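**Student:** If you read the sequence shown in this note's numbering, its first letter stands for residue 6, the second for the next number, and so on.
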Amino acid sequence: MEAGSKIPLSHSLWSPNDTVKDAAESLGINLPEEAAKNLAMDVEYRIHEILETAIKFMRHSKRKLLMTTDINHALKVLNIEPLYGYDNSQPLVFKEALVGAGGQTLYYIDDNEVEFEKLINQELPKVPRQATFTAHWLAIEGVQPMVPQNPLPSEIKSLPPIIRGATSSMLGNDILTEDSKDSEGSKEKKVTEKESQVKPLVKHVLSKELKLYFDRVVELLISTDPEKDTMKNSALNSLKTDHGLHQLVPYFIQLVAEQITNQLRNIEILSTMLEVISALMGNSTIFLDPYVHALMPCVLTLLLAKRIGPSLKDLNDPETQSLFQQQLAVRQFAAILLDHIIRSYGSSYSTLRPRVTRTLLRALLDSSKPIGTHFGALLGLKIMGPEVIKLVLVGNLKVWWKSVVEDGTKTDFEKEILLKEILEILKTLEVQDDMEIDSEVSDELKEKLKDRLGDKLSEAILEQADAHEIVKGLFFGESAV
């Protein structure tokens, strides 16, 4: 850049030398160069601000042409008095004029001349009323108050029954009819078929394709034919992956509830219904939040029911024990689904976890319940996490084992199953310590363990290879171990 060149004071038309100083001189004001420069920069900033705001109004109006109304709106938003005399609500009228000796054409806007006296003497326009609002009681405890805003009782009775909200019986007779003679004479009137039809207020219309799909899937799900197992798996896979099944969700949930209620002795049907629930929860296109209240009874029933599957009398028989293990497998599947429901929808329903915990604890402490219910309650408490295990389960284990297991009618086979499950639950509380060298449990902790869980459970824990880690998990945070 040459040394003699001057840096322009402004890159717009607002040049201090050409515009601001000329305006000042026309008013008889002599502005210094620095003052003119600062004033020009401020005017330039204000114009940019007005234009940017006006362009926003133009874009929100879906236009590409900036109009004077946009400028006026921008001035109002910026708390600047708007311009007067510029209104494009009326179409502009252009007139033609010849200027100069050559007859150059000039177009101009024809402004109507208004006489000043006529403008002063004409009536002022009415002031627009300000927007106001008021409130009144539409009804108080079902009674409509007599206020001017509410219609009169005579006006309400004159309306047709459908409009005023009168209920109708299944025969189509209005219950709230004013004149009893009309009801007596209605027997003699001939009611057409169209008038006698009672239509529901809300319709749930399913397409023929969805009805056919639902019937076919239900037929496969409740079938016990081994030859249809492949097709049943295909139906479950369809529930898990197909789109557009949201309208059928309440029907499938109703199917699951009915089958669990009526087929509680059929292990195969119960397992299939749990697979249906799992498939619905695995479908990412289905919104199941509104149906959690309907799914929970189904899952808790298979987890805590007194007896699922056929009745088993002698559990010492190996064949009977195999059938009993199948029943326990159904409860384990139900526990897995319960864990998934609580993890997925526990944040949406804040009372879900505590209510389930109370239900599981109540079933565990009930001495009249069979081993299946107690086993399911242990499975349910296991998935609730370490805090529930330590606060709810461990605190009641000693009393529960003494009153329910030992003093009850449990066989050795049943006691072994419950003891094994309790050890699996307590192992989830293990605390690993790489710095620990001595893996033996001290006599002080042994006495504390017996006092907490009783003799039988403490002996079973001390027999485990990881007994020290289990004990550390049980008393973690209470004392140094």
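Think of the CB as a built atom: it goes at the ideal place given N, C-alpha and C, for glycine as much as any other residue.
Bear in mind that the values here come from a model prediction, so they are computed numbers and not experimental data.
Are G351 and L365 closer than 8 Å when you measure CB to CB?
**Tutor:** The answer is no: Cβ separation not under 8 Å.
**Student:** Measuring CA to CA, which of A41, K407, S66 and E49 is closest to D456?
**Tutor:** Ranking A41, K407, S66 and E49 by Cα distance to D456 puts K407 first.
**Student:** Taking only the alpha-carbon atoms, compute the straight-line gap between Q264 and L279 and give it to the nearest angstrom.
**Tutor:** 11 Å
**Student:** Work out the CA separation of S447 and A470 for me, nearest whole Å.
**Tutor:** 15 Å
**Student:** By the 10 Å Cβ neighbour count, where 16 or more other Cβ atoms means buried, how is D47 classified, buried or exposed?
**Tutor:** exposed
**Student:** Closest to T139 by C-alpha separation, out of N126, M301, V25 and P153, would be which residue?
**Tutor:** P153
**Student:** In this structure, how does DSSP classify V361 when only helix, strand and coil are distinguished?
**Tutor:** helix
**Student:** Taking C-beta to C-beta, are L244 and V304 nearer than 8 Å?
**Tutor:** no
**Student:** Along the chain, which unbroken stretches of the alpha helix (DSSP H) at least 4 residues long are found entirely within the segment 254-333?
**Tutor:** Counting only runs of 4 or more, we get 254-267, 272-287 and 297-309.
**Student:** Rank H78, I394, I76 and I272 by C-alpha distance to the C-alpha of L428 and give the top, closest one.
**Tutor:** I394
**Student:** Do three or more CB pairs link the segment 337-348 to the segment 395-402 at distances below 8 Å?
**Tutor:** no
**Student:** According to DSSP, is D187 helix, strand or coil?
**Tutor:** In this prediction, D187 has a pLDDT of 48, which is less than 50 and means its spatial position is unreliable; nothing more can be read from the coordinates.
**Student:** In angstroms with no decimal places, state the Cα-to-Cα distance between L83 and I76.
**Tutor:** L83 and I76: Cα-Cα distance of roughly 11 Å.
**Student:** Helix or strand or just coil, what does DSSP make of Y218?
**Tutor:** helix
**Student:** From the DSSP output, in three-state form, read off I34 for me.
**Tutor:** In the structure shown, I34 adopts coil according to DSSP, grouped into three states.
**Student:** On the premise that F380 lies in contact with L333, defined as a C-beta separation below 8 Å, what is that separation, rounded to the nearest angstrom?
**Tutor:** Here L333 really is in contact with F380; their C-beta atoms are around 6 Å apart, less than 8 Å.
**Student:** Kindly indicate the opening and closing residues of the alpha helix (DSSP H) around L428.
**Tutor:** D417 to K432
**Student:** Taking DSSP as the reference, what is the three-state secondary structure of Y350?
**Tutor:** Taken through DSSP and simplified to helix, strand or coil, Y350 comes out as helix.
**Student:** Taking its Cβ as the centre, do 16 or more other Cβ atoms sit within 10 Å of N288, making it buried, or is it exposed?
**Tutor:** buried
**Student:** Is R134 buried or exposed, if buried means 16 or more other CB atoms sit within 10 Å of its CB?
**Tutor:** exposed
**Student:** Could you compute how far the alpha carbon of L454 sits from the alpha carbon of V476?
**Tutor:** Approximately 8 Å, taken between the alpha carbons.
**Student:** Less than 6 Å between C-beta atoms, sequence neighbours within five positions excluded: which residues of the same chain meet that for S191?
**Tutor:** Residue placement at S191 is flagged as unreliable, the pLDDT there being 48, under the threshold of 50; a coordinate-derived value is accordingly withheld.
**Student:** Under the DSSP definition of a beta bridge, which residues are partnered with T235?
**Tutor:** Looking at the DSSP assignment, T235 forms no beta bridge with any residue, so it has no partner.
**Student:** What are the boundary residues of the alpha helix (DSSP H) that includes T378?
**Tutor:** I376 to K387
**Student:** Please tell me whether I313 and G377 are closer than 8 Å, where the distance is taken between their beta carbons.
**Tutor:** yes
**Student:** What would DSSP say about N446, mapped onto helix, strand or coil?
**Tutor:** Note that residue 446 is Val in the sequence shown, not Asn. If DSSP states are grouped into helix, strand and coil, V446 belongs with coil.
**Student:** On the three-state DSSP scale, how would you describe I466?
**Tutor:** helix
**Student:** Using the DSSP secondary-structure output, state which residues sit across from L454 in a beta bridge.
**Tutor:** Partner(s): none; L454 has no beta bridge.
**Student:** Assuming L215 and L260 form a contact by the criterion Cβ under 8 Å, report the distance between their Cβ atoms to the nearest whole angstrom.
**Tutor:** Wrong, their Cβ atoms sit about 14 Å apart, outside the cutoff.
**Student:** According to the Cβ coordinates, are V409 and S355 closer than 8 Å?
**Tutor:** Taking C-beta atoms as the reference points, V409 and S355 fail to come closer than 8 Å.
**Student:** How far does the alpha helix (DSSP H) with Y121 in it extend, from its first residue to its last?
**Tutor:** Before going further, note that residue 121 is Phe rather than Tyr in the sequence given. That run of the alpha helix (DSSP H) goes F121 to N126.
**Student:** Taking DSSP's pairing of strands, which residues face I114 in a bridge?
**Tutor:** F99
**Student:** If V98 sits next to D115, beta carbons under 8 Å apart, how far is it from one beta carbon to the other, in whole angstroms?
**Tutor:** Contact between V98 and D115 holds: CB atoms are separated by about 5 Å, below the 8 Å threshold.
**Student:** Going by CA-CA distance only, name the one from E232, K67, A59 and E86 that's closest to T74.
**Tutor:** A59
**Student:** Which residue's Cα is closest to the Cα of E38: D460, L71, T24 and I388?
**Tutor:** Ranking the options by Cα distance to E38, first place goes to T24.
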